[in-house]
Every structure is written in C-alpha cells, then in structure tokens.
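**Q** I have a structure I would like to understand better, so I am pasting it below and will then ask my questions one at a time.
2 protein chains.
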Amino acid sequence: MESDLLIGGDIGGTHMRLALVTPDGEILHQSREATLVRAGAADVVGRLALQCREMMEEGRRAGGRARAVGLGVAGKIDRRAGAVLFSPNLPTMNGFPLAGELGRALVLPVFLENDADVFGVGESLLGAGRGIPHWIGVTLGTGVGGCLILGGKLWRGDDLGFCGELGHMVIDPGGPLCACGLRGCLEAHASSSALKQGVRDAVNGGRLRKGILHEACLTGELTSELICQEARLGDDLSRDLFHRLGWSLGLALAGLFSVLGLRHAVIGGGVCSGWDLFIGPLMESLTHHSSMLDPGQAVIRRGELGDEAALAGSARLAWARISGSHESTS
Amino acid sequence: MESDLLIGGDIGGTHMRLALVTPDGEILHQSREATLVRAGAADVVGRLALQCREMMEEGRRAGGRARAVGLGVAGKIDRRAGAVLFSPNLPTMNGFPLAGELGRALVLPVFLENDADVFGVGESLLGAGRGIPHWIGVTLGTGVGGCLILGGKLWRGDDLGFCGELGHMVIDPGGPLCACGLRGCLEAHASSSALKQGVRDAVNGGRLRKGILHEACLTGELTSELICQEARLGDDLSRDLFHRLGWSLGLALAGLFSVLGLRHAVIGGGVCSGWDLFIGPLMESLTHHSSMLDPGQAVIRRGELGDEAALAGSARLAWARISGSHESTS
C-alpha cells in the first residue's frame, strides 16, 4: 500500500522552501528557490506548482503519495478561503486565493497557515517544545511573529485570521516608530529590521560617523548578521541594540506569562544567531518585570529545528486538516 | 432527598461576603461583615466559620445541604495547599493555610480561588460572558485583576498560583510608579489606587491647589467615587485620569487580543461605576493600538452581576472541585 505523505512549505519574501514530509514530521526531501514576488501572484503559483510536482514525483519514487499541501505564509491569512489577506513581505499576494489556485493546478488540497504557527507546530512536534504542554512561540526575523501552543495544540482563538501576534504588541508607547505606524511595538525593538533601523538612526543622528556599520549603511549593505558580528567584536552600538532586543522580549514575555499563567517560551527565527548577545538581557528583564513568577521559574528555549520547523509544521497542519485530527501537534 | 448547595465567598480587604448558592449559581441567601484583617488570621477564620455555619443552617432550612465552600481571595493562591501565598489586601493572611483551618472548623471541603477568577466564572455562568467561549476578564478595583475564559472554562495555565494577572503587565516602562515597585504597570493607570494617586500627584506637584479633590486629599477622604463624581461635573484633572485609565486598558487589551486571537472582554469591579467616563477612550485606544482586529470587531462588555459574580463563581468552582466536572463554567 502507498504510504501517506505531505508537502510542507514556507513562502517567504525571499525564498520559497518545500519539503516532502511524513505525517510524523520526518522530512524526506527538500527544495528551495527564489520567490520573486514582484513577478506577480500567478507567476509565483506557477513556479510553486512545478516545485510541488517534483515533490509529488519524489513521493511516488519513495513508494508513497502526497495527500495535501500545507504552506506557511507571513501575514494575516483567511484559512477558510485559503487566501492571503495581508502579507507585508508578499505584497502582490494580498487578497490572492493562493490555496485554491495551487490546489486546482495540483488536484490536491492546499492549506495556508501563518508562518509563526507552523514554526510552533514543528517545534512542538520534534523540537524545543516537545513534551511541554503550554508555551509561547516567538519568531525573530524581518518582523516578530508568534504563536501559542496550549494543551499541546496550536491555539486558534476565535479564528479571526491571526493569533499569537506578539510583534505589534505595544510594549513602550514612547518607543521607536514601527513599520506599522505605531510607536513602541515589540517588532520595533526585537526584529532584524529594528536592529538595522537602530544603526540607521545612529548614522542619521550623527552618533555613528565611521566604521563597517557606517559604511554598510551608506552602501545599503547593512544586515542584522553584520550587526551581530560587530557586537561580538565589542562594538557598543551593536551590543546596545541586542541588549534592547533582549530587554523588550523579557518585558513582553513577563506580561504574557502573568496573563497566561505560563513559564515556557521557545524563540526561533534568523535573529537567534545572536542568541548569546540577547539571552542575558532578556532573562534579566524577564525577572525584573515578572511580579508573579519566582526567579528561575521561567524557561526560555532556543528553537532547535531552524528552517525545518516550518516545513514539518506546515505538513503536520495539512495532515491534521485532511485527517480531522483537530490539529493536535503531539 | 436533600438538595446540594454550596457556600461561595469573597474575602476582601474591607468586607467578607458569603452566599448560599445552588450548583447552577442561583444565590439563595447572602451575608456581609467587616474583614478586620488586622485582628489576625485566626480571628478572621473564627468569624468566617460563624458566618459559614449560619449559611449551613440556612441551607438546612431550605431543605438542602452545603457540600463545600469556595472562597475568592485577592492575591497569589496555592490552590493545592489551600493557602494564601501573598495578598496585598490581607497581609496577616500571607502563608496562612486558610482552607485547611476553616475546613477543619466546618468539617467541609474548602477551596481557595483568586478573586478575579471567581468573577470570571460567575460572569461566564450567568452574566456578561454567557455564551461567549473565549474572553478576557478584567476587574478594576483597588488593584487590577483578570482572568481568561477559554473554551467556556477558566484557564489555569501551568497552575503556578496565578493566571490572568493583567494588573502588573508593564504597558508603559516610562509610566507612573506602581505599588509593586515597577514603573508603568496597568494597575498604576487603571485602578482606583491609580486614580487617587493621580490626584495626590497633582496636589503634591502644585497643579491642584483648591477644590473638593484638593480638600479630600488633605483630609485623607479621597475616594475614586469622588473623582468619578468630579469628572462628571467636568473637572479636567478627573476627566484626564479616567481618560488615561481607558487609554491604558485599550492598549493592554489590543496587545492581548492580538496574542490570544480574541475579540471579547468583560470588565467588572468597583471602578466600573465610571464606565461612561472611560469606555470611549478605551475603545479609541483599542482601535488605535490594534493592528490585527478590524475596527468594530472588538466587543468590550461591562460585568452584569456586580458583587454576586464572585459569590456565584466561587461556589461554582467549589462544586466543580467536589463533583470532578473539570471546572467547566457552562
């Protein structure tokens, strides 16, 4: 008999990653290509269909059959309609019925999920969240995303198209301006965009007049990796920016732990490459801002699966949708 | 056959209220007396036992039998040990095994619960939360408390002795000093203590030099009711304080709605007497600070049961504990 397989995917502003995945989350095959979102939604779907067909072919070679596709997408998703409502990194996708179009091309059910949600399901299944019933997931990338795992399952709330959205919690109404127009969102402190903006502000304010970061800022080659590298070499501005990042996460998590009655969080995303630069300030801020938790009670783990969390998680959620298993991740 | 009855109670810093309650939350009889917490824990328990015995007698007269006692207490509770861990309004109770002592005196099981939790269960059962599966509860009194009702049940999180504690979420790190020692907690903006402190600050800072509030401040007779009354008469300072209160609640709820994926909240507590003074600024702030909810999606209701929410809720939770019904509130 053919074994059941899934295609899990992660559609980012830069790359689209796909994987052939077993219902248990084991990744059998992976592929990656540029998203080229400016080419338009129809073009993206065309290339995505090609990539999926290769995965289906791989599945047949492995003696199995792909039953469904799950795709993690950054932004607000209409899960029922399978459409991207609003994605800052995929502007040409806004309002596009991605699941329907791709599903028609593949003759397979396609499900859309938020990218931080698929991270959470993947880490819950196979990574840093394994065996922890309730935890808060945080993804630190271009923006800040998040999810809640409650009772071992992805929490959906009122199914409004968003959940676990920590990024635009205002944690300091007098803080830095966020891309969303508000002041002091967590994302304006704790994302790679916030790190880069911090350097730009220092250059524009005349506080940074020379050096690698100054140069990178002027040539448009500034990255959060470069800021991380400079912080490790002892650069004060870079260290301060990672310190602020940790401070803001500790403040936000302290409040959420008090409200949710929890003590576990898992943090993933590209900015975690600077883990050693922000985890100290994060724990200090968390302890300082927690009036309910005893010191040492909080456990903050780094995600263990990297990019594979989203691939395993999106496949798992697609499997739950077709098998009616109420989206348990365990 | 004798019908099953419960005793529900609310132990505040000023008054202790008790009620004889049916398992469905119907209140058959009520009593209230001064807590006199300074007389010490043993004295409080003695008077509480007398009050409970009267309720048990009332129950017999009604042809029923009190099966258990549930008590709502402000503060951090060790539910398993039945002890008050830390209660700012009941300082002589800290560490005291209240449930055990009272239970021994009455030969009945006694259960302690957080006061905001019993509010939530009461409103969920019979009040403003009826029929809404997921919502955030907020109590505005001397302090700010809260609870989460998820899937129609009181959410307990990791059972750490606190949950739904909105009061000490830091919503503005540059904001006013809170009694807990932190700056900018929700409680430092949205409690009756915060309203009174706002007036005191204006007097001490020389901005308020005359009038009823100035006088009340000097004679120690300042109350949040008086500030409410002055706000209704058009006093600018009082109106600003209620405006700040609404602003802070809107900010906090916007963040929590984004993270929990919800859109309903129920607000109770004594400060709700100024509902008309803060609900406008609250909704404005909520809309402004919500990047995920569409305008008009959020529903903020005022608690409907007043003091009876805690009495019905604490009885209901005691019933759930003895009948093993997993604390469902519905």
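So the protein lines, in turn, are chains A and B.
Count the first sequence with the working numbering and you get residues 1 to 330, in order.
Count the second sequence with the working numbering and you get residues 1001 to 1330, in order.
All C-beta atoms, glycine included, are put in the ideal place defined by N, C-alpha and C.
The structure displayed is predicted, hence computed values, not measured ones.
(1) Inspect the CB distances between the region 71-91 of chain A and the region 20-34 of chain A and report whether three or more fall short of 8 Å.
(2) Relative to the C-alpha of leucine 1126(B), which residue among Cys1228(B), Leu1311(B) and Ala1318(B) is closest?
(3) Alpha carbon to alpha carbon, how far is lysine 1076(B) from isoleucine 1011(B)? Give it in angstroms, no decimals.
(4) Since I believe valine 266(A) is in contact with alanine 128(A) (beta carbons under 8 Å), could you give me their beta-carbon distance rounded to a whole number of angstroms?
(5) From what residue to what residue does the beta strand (DSSP E) around isoleucine 1279(B) run?
(6) So, glutamate 58(A) versus leucine 20(A), is the Cβ gap smaller than 8 Å?
(7) Does leucine 341(A) get closer than 8 Å to chain B when you measure Cβ to Cβ?
(8) Determine which residues share a DSSP beta bridge with glycine 1077(B) and list them.
(9) Indicate the three-state DSSP secondary structure (helix, strand or coil) for asparagine 965(B) in the structure shown.
(10) Where do the N-terminal and C-terminal ends of the beta strand (DSSP E) with threonine 1219(B) fall, by residue?
(11) Should valine 1170(B) go down as buried or exposed, given a rule of 16 or more other Cβ atoms within 10 Å for buried?
(12) Can you name the residues of chain B whose CB is closer than 7 Å to the CB of glycine 129(A)?
(13) Let me know the secondary structure DSSP gives leucine 150(A) once reduced to three states.
(14) State the Cα-Cα distance for the pair alanine 1068(B) and glycine 137(A), rounded to the nearest angstrom.
(15) Could you name the residues of chain B that cysteine 180(A) contacts, counting a contact when the two beta carbons are closer than 7 Å?
(16) Cα separation between leucine 1048(B) and asparagine 1089(B)?
(17) Should proline 23(A) be counted as a contact of the ligand MG given a C-beta to heavy atom distance under 7 Å?
(18) How long is the line joining the alpha carbons of serine 328(A) and glycine 1206(B), rounded to whole angstroms?
(19) Identify every residue that forms a DSSP beta bridge with asparagine 1114(B).
(20) Quick one: grab the DSSP three-state call for arginine 67(A).
(21) Any Cβ of chain A within less than 8 Å of the Cβ of arginine 1263(B)?
(22) Shorter than 8 Å from the beta carbon of valine 1170(B) to some beta carbon of chain A?
(23) Using a C-beta to C-beta distance shorter than 7 Å, which residues of chain A count as neighbours of phenylalanine 1162(B)?
(24) Run through DSSP, which three-state label would glutamine 229(A) get?
(25) So, for serine 330(A): in the same chain, excluding its five sequence neighbours on each side, which residues have a beta-carbon less than 6 Å away from its beta-carbon?
(26) Relative to the C-alpha of leucine 208(A), which candidate in Ala194(A), Leu226(A), Ser224(A) and Asp235(A) has its C-alpha closest?
(27) Grouping DSSP H, G and I as helix and E and B as strand, with all else coil, what is arginine 1302(B)?
(28) Identify whether cysteine 185(A) lies in helix, strand or coil by the three-state DSSP scheme.
(29) Looking at chain B, is there any beta carbon in it that lies within less than 8 Å of the beta carbon of glycine 332(A)?
(30) Is alanine 41(A) closer than 8 Å to phenylalanine 96(A) when the C-beta atoms are compared?
(31) I'd like to know whether the C-beta of histidine 1134(B) is nearer than 8 Å to at least one C-beta of chain A.
(32) Check whether the Cβ atoms of leucine 1195(B) and leucine 1213(B) sit closer than 8 Å, and answer yes or no.
(33) Pull up the distance between the alpha-carbon of glycine 181(A) and that of alanine 1298(B), whole angstroms please.
(34) Does leucine 1177(B) pass the burial test, meaning 16 or more other C-beta atoms within 10 Å, or should it be called exposed?
(35) Give every residue of the same chain whose Cβ lies closer than 7 Å to the Cβ of threonine 1287(B), excluding the five residues on either side of it in the sequence, and list them in chain order.
(36) With a threshold of 16 other CB atoms inside 10 Å of the CB of arginine 1263(B), please say whether the residue is buried or exposed.
**A** Taking the definition as stated:
(1) no
(2) Leu1311(B)
(3) 13 Å
(4) 5 Å
(5) From DSSP, isoleucine 1279(B) is part of no beta strand (DSSP E) but of the alpha helix (DSSP H) over 1275-1289.
(6) yes
(7) The requested residue 341(A) is not part of the displayed model; chain A covers only 1 to 330.
(8) Before going further, note that residue 1077(B) is isoleucine rather than glycine in the sequence given. DSSP output for isoleucine 1077(B) lists Val1084(B) as bridge partner(s).
(9) Here chain B covers residues 1001 to 1330 and nothing more, so residue 965(B) does not appear.
(10) Where threonine 1219(B) is concerned, there is no enclosing beta strand (DSSP E), although the alpha helix (DSSP H) it sits in stretches over 1212-1219.
(11) buried
(12) Within chain B, no residue comes near glycine 129(A); the closest Cβ sits about 14 Å away, beyond 7 Å.
(13) strand
(14) 39 Å
(15) Ser1291
(16) 17 Å
(17) The ligand MG is absent from the structure shown, which contains no ligands of any kind.
(18) Per-residue confidence for serine 328(A) stands at a pLDDT of 47, beneath the threshold of 50, marking its modelled position as unreliable; no derived number is given.
(19) Val1073(B)
(20) strand
(21) yes
(22) yes
(23) Ser258, Gly261 and Met292
(24) helix
(25) Low per-residue confidence applies at serine 330(A): pLDDT is 40, beneath 50, and the placement is therefore not dependable, though the value from the model is reported in the following sentence. Same-chain partners within the cutoff: Gly152.
(26) Asp235(A)
(27) strand
(28) strand
(29) With chain A covering 1 to 330 only, the question about residue 332(A) has no answer from this structure.
(30) yes
(31) yes
(32) no
(33) 20 Å
(34) exposed
(35) Pro1295
(36) buried
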